[in-house]
Every structure is written in C-alpha cells, then in structure tokens.
Amino acid sequence: MILQFFVIFFVFLFYSTGFCEDSTKIYQLDEITVSEEKIKEEQSTPNATVVIPELLLQGISSNLDGALFRQPGVDVQRLQEIGGALDDDSIKIRGFGSRRITLAYDGRILNTPGTAGGYFIDWTTVPLTNIEKIYIIKGVSDPRYGNTLGGVINLITRKPLEKPEFEVQAMKARYDTDKFSFFHSWKPSRFEYSISGNYVKSDGYLRNGHFEVKNFNIYAGYNLPWDGKIKTNFGYSWVKKGFIVNNRQSKDYDNPDYDKPLDSRYPASDGEIMYGGMGVYPEDGSWWKRERFTFDIGYEQPVFGGVFDIRFWKNYAEREAYNTRKSSNRVFCKFS
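Number 258 in this note's numbering belongs to position 258 of the sequence shown; there are no gaps in the numbering.
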C-alpha cells in the first residue's frame, strides 16, 4: 500500500514538472542600450534643492513665488493668489526674508538696494518663461554668492538647441485675468540666441488689487573655436499694481460688521500698511509702478576642469508710488 502510494506520487510529480516545462514561453526582448553621460551639476552644496521643469507651475500664477510654493524650507505668504503687491518678507528661506536672500539669474545678482516703501526683490515680476530649473540653497553654505545669510535662489535659463524651439501660451481666468507668453530659441551654428516675454493683467481678487506686468528678455551668444563663449543678455520689466485697501465695514474684530465688505464685489479683507512717508493706509486709486532694465555681457572659458567666467552687468530701475488719501484731501507721491 505504501509502495503504491510513492509510485503514484512520483508519476504525478514528473507529469506536473513536464507540463510546467512544456507550458513555459520564451520572450525575446528588444535590444536595450545602456549609455553613460556626464551631467553638469552645481558644485556639491549641502542643503540645496533643485526645482526641475516638471515642477515649475505653468499657469496663470506661473511666476517665481508660485514655483517655490511647495518647496521644503521655503515659506510663501501671499496677499492674493496673483498680483499681490508683496513685501520683502513674502518669501522666506528658513525664516529669512529678501534682505537676507540672494536672487540670481544664471549666477548674476538681481537684488536691488531697496528703499523705504520699496522692495529688495519683487517676487511676482520674475517670470518663468525662459527658466529651465531653479537652484535653492538654504543657509550660508555656498561662498560663491558672497555675504548671504538666508540662502540663494539661482534661476538657470533654457539653453538654445540646434533644433529651433517655439512656445506660445495664452490663458484667461476669473477677475478679468489675461496672460500671454512666448519663447523662442535656436543654435544654428556657433551663434545662439533666445527671445522670451510675457504679459499679464488682472483686476485682482481683493479690493484695489489690480495689476499689469510686462517682461521681455533677449539673449545672444557665440561659441568660439577654443571652447570659449561670448554671451550677452538684455532684460526689461514693467509692472503696475494697486495697493490692497481695507474692505471691512468695521476694523473691530468683535463687531458683527467686521466680516461685511464695504465693496460687495470683493471679499472682506484688511488693507496693506504703507511705509516711507506715504501715509498709514492706502485708499482706492493708490498704486505703485516700477520699470527696470538689466544688461550684462561676459566671457566664459573651461579651464582645468572648471569654468572661468567674467562679466559686466548693470541694473537700472525707477519706482513710483501714489497714495490717494481722499479722507484727508491729500495725495502722497514718491519716486525712487
């Protein structure tokens, strides 16, 4: 009985094995090529983050503050979703505002000296139309950017390719918001260039929060036979924004009218606080306008495994602000 059981078991085992082997299919995969490519990276820097193109927000709010919104260690505070006249502390790196942050464009410093009532960095006027990626360096770990306590935000531009690139975007949203942007680049030979620009306007979400922004940038470069490169860049930006004004029937938090808007077209909200001798609070019709030109020309040359880069650059900007104090029959005006 036991012998018969083992005979039946081995017959079943061989039958099952043979069946499995016969039912196995062999698949021929296509040829796979594995290649190695050296990727140019920033110098190894602790506490650094790279925002890649896939994470750059391409929409109505596709400006720098929108791209940094979800980055660890970066705090973004907005007065409204788009177009708010943000102050110096609207974007912070580990608690440090723009007075302690360096903003660079391909390594070129964009910070302004700053004035009472002005901005060291106007975050919402930095478009992402021609930006490939963003390096965020938190803290004082990188000596290449000088005396920076809070950190560095370095915008890396899109490089022209041998195949021409064309990109056009047009969008429309609520609050009479319109946006148009374009980008074109090409490297037909040793010469390369790129042109980009954008235009955005909106009535804004909050009372007197209207804004209008224009940006234009042109880059040209020439690659020399000995691997050197001559490059130049010109940028122009123009922005006009209304100061957010109070839209509450009462400023007393315990008053039932605190949550009732003065102008029903906009939600109840507090207004901005004015600085620099412009009065304490803005009123309807108050605004600020800024026009800025940037220019740089430089030469770069690979040497001893590194890059020698020398450049001359110039920033020029004019800012104008008006506060119409109807209650006191006075108009405050300031130029800087």
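Note that beta-carbon positions come from the ideal geometry of N, C-alpha and C, so glycine has one too.
Tell me which residues share the same chain as Tyr145 and place their Cβ nearer than 6 Å to its Cβ, disregarding the 5 neighbours each side in the sequence. Thr102, Val152
Cα-Cα separation between Leu292 and Tyr199, rounded to whole angstroms: In the sequence under discussion, the amino acid at residue 292 is Arg, which differs from the Leu named in the question. Looking at the two C-alpha atoms, the distance is approximately 15 Å.
What number of angstroms, rounded off, separates the C-alpha of Gly235 from the C-alpha of Tyr258? 44 Å
Taking Leu262 as the reference, give the member of Ala220, Ile109, Arg248 with the closest Cα. Arg248
At least three beta-carbon pairs within less than 8 Å, the stretch 190-207 to the stretch 128-137: yes
Please report the straight-line C-alpha distance between Leu206 and Phe166, rounded to a whole angstrom. 35 Å
Euclidean distance between Cα positions of Ser264 and Pro282: 19 Å
Reference Ser250, options Ser202, Ala268, Val126, closest by Cα: Ala268
Check Leu103 in the structure and name its three-state DSSP category. strand
Separation of Asp176 from Ile136, as counted between CA atoms: 33 Å
Is Pro256 helix, strand or coil when you go by DSSP? helix
Around the C-beta of Ile60, are 16 or more other C-beta atoms found within 10 angstroms, so that it is buried, or is it exposed? Caution applies to Ile60, whose pLDDT of 48 falls short of 50 and renders its modelled position unreliable; the value that the coordinates give is listed next. Burial call: buried.
DSSP on Tyr145, reduced to helix/strand/coil? helix
Excluding five sequence neighbours on each side, which residues of the same chain lie with their C-beta closer than 6 Å to the C-beta of Leu64? Trp123, Val126
Identify the continuous alpha helix (DSSP H) that holds Gly221 and give its terminal residues. Note, Gly221: premise wrong, no alpha helix (DSSP H); beta strand (DSSP E) at 211-223.
Are Gly73 and Asn111 close, meaning C-beta to C-beta below 9 Å? no
Alpha carbon to alpha carbon, what distance is there between Lys138 and Gly95? 11 Å
Would you call Val213 buried or exposed, if buried means 16 or more other Cβ atoms sit within 10 Å of its Cβ? buried
For Ala317, the three-state DSSP class (helix, strand or coil): strand
So what does DSSP say about Gly66, is it helix, strand or coil? helix
Between which residues of its own chain and Ile156 is the CB-CB distance below 6 Å, once the five residues before and five after are set aside? Glu132, Lys133
Quick one: using the 10 Å Cβ neighbour count with 16 as the cut-off for buried, is Glu162 buried or exposed? exposed
Alpha carbon to alpha carbon, what distance is there between Arg174 and Glu42? Any reading at Glu42 needs caution, since the residue's pLDDT is 47, under 50, leaving its predicted position unreliable; the model's value is listed next. Cα to Cα, the separation comes out at about 40 Å.
For Trp287, name the three-state secondary structure that DSSP assigns. strand
Hey, Phe216 and Ser286: beta-carbon distance below 9 Å or not? no
Go ahead and label Gly66 buried or exposed: buried means 16 or more other beta carbons lie within 10 angstroms of its beta carbon, across all protein chains shown. buried
Simplified DSSP assignment, three categories, for Ser98: helix
Verify whether the separation of the beta carbon atoms of Lys231 and Trp288 is less than 9 Å. no
Consult DSSP for Trp123 and reduce its assignment to one of helix, strand or coil. helix
Per DSSP, what are the beta-bridge partners of Asn130 in this structure? Asn130 is not bridged to any residue.
In angstroms, rounded to a whole number, what distance separates the CA positions of Lys229 and Tyr299? 6 Å
If you reduce the DSSP assignment to three classes, tell me which class Pro302 lands in. strand
Answer yes or no: the CB of Pro143 versus the heavy atoms of the ligand ADP, is any distance below 8 Å? Absence of the ligand ADP from the depicted structure is noted, as is the absence of any ligand whatsoever, leaving it without description.
Could you check how far apart the C-beta atoms of Pro143 and Lys187 are, in whole angstroms? I think they sit under 8 Å. With 8 Å as the limit, Pro143 and Lys187 do not qualify as a contact, their Cβ atoms being about 33 Å apart.
Integer Cβ distance of Asn233 from Asp309, believed to fall under 8 Å: Not really, about 13 Å apart at Cβ, beyond 8 Å.
Suppose contacts are defined by Cβ-Cβ distances below 9 Å. Is Phe191 in contact with Asn223 by that definition? yes
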